[in-house]
Every structure is written in C-alpha cells, then in structure tokens.
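So the number in this note's numbering is just where the residue sits in the sequence shown, counting from 1, plus 559. These notes are about the structure you will find just below.
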Amino acid sequence: LALAAKDGLCVDRYHDNAAGEMRKNAQGKLFVSRVTLRPQVAFSGPDQPDTDRLAQLHHRSHEECFIANSVLTEIRCEPVLSAR
Numbered sequence: 560l561a562l563a564a565k566d567g568l569c570v571d572r573y574h575d576n577a578a579g580e581m582r583k584n585a586q587g588k589l590f591v592s593r594v595t596l597r598p599q600v601a602f603s604g605p606d607q608p609d610t611d612r613l614a615q616l617h618h619r620s621h622e623e624c625f626i627a628n629s630v631l632t633e634i635r636c637e638p639v640l641s642a643r
C-alpha cells in the first residue's frame, strides 16, 4: 500500500483472503510452512492502474516486504488483479 501511495495512487479499499499452512519440522514440532496472500485493492481518483501496473506493484511489494525478507516460511502472493 505504501508503494502504491508513493506511485501516486489513492487506495480506497484493501481486502486479503490470506491463508497459512502448518506442518511438522524434523523435530516433530509444528511450524508455519507457507503463507499465501490474495490481496484485492480498489483505487479511487483519476489515476487507475491497469493490470500490468498492478502486477508490477505487487512484485515490488513482495521484494521489499520486511516479513517476506525476515521469515523462513514461504510467502506467496496471489493478487486478484482487476483494473477498472
């Protein structure tokens, strides 16, 4: 969302149907093995991004995400891209 704002976009709404998966490690302890994000973002204002721009924003966001860069869990992002 911060990258979208820096890119001049006005975020009107954000919804995410996130899911996590757990499994056991070598010691038999449960851990979060995968997190899948499915962000849906709606924009207002005259600058409406097309699906290519949205895909680029999501890619940059994932690359710069402190959570994805901090944890060993696989973080997947499956954005629901819908340009107006």
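Beta carbons are placed, not taken as given, at the ideal position from N, Cα and C, and that holds for glycine. The structure displayed is predicted, hence computed values, not measured ones.
Proximity to residue i [Cα-Cα], best of the options
| i | options | result |
| --- | --- | --- |
| Ala578 | Thr632, Leu640 and Arg643 | Thr632 |
| Asp571 | Ser620, Gly604, Ser592 and Pro598 | Gly604 |
| Ala563 | Arg635, Ala627, Phe602 and Asn628 | Phe602 |
Rounded C-alpha distance that separates residue i from residue j
| i | j | result |
| --- | --- | --- |
| Val639 | Leu589 | 30 Å |
| Ala561 | Glu637 | 18 Å |
Where residue i sits in the DSSP three-state scheme
| i | result |
| --- | --- |
| Glu633 | strand |
| Ala578 | strand |
| Lys583 | strand |
| Ser641 | coil |
Residues bridged to residue i (per DSSP)
| i | result |
| --- | --- |
| Thr595 | Ala578 and Arg635 |
Residue i and residue j closer than 7 Å at C-beta
| i | j | result |
| --- | --- | --- |
| Asp609 | Ala642 | yes |
| Tyr573 | Val594 | no |
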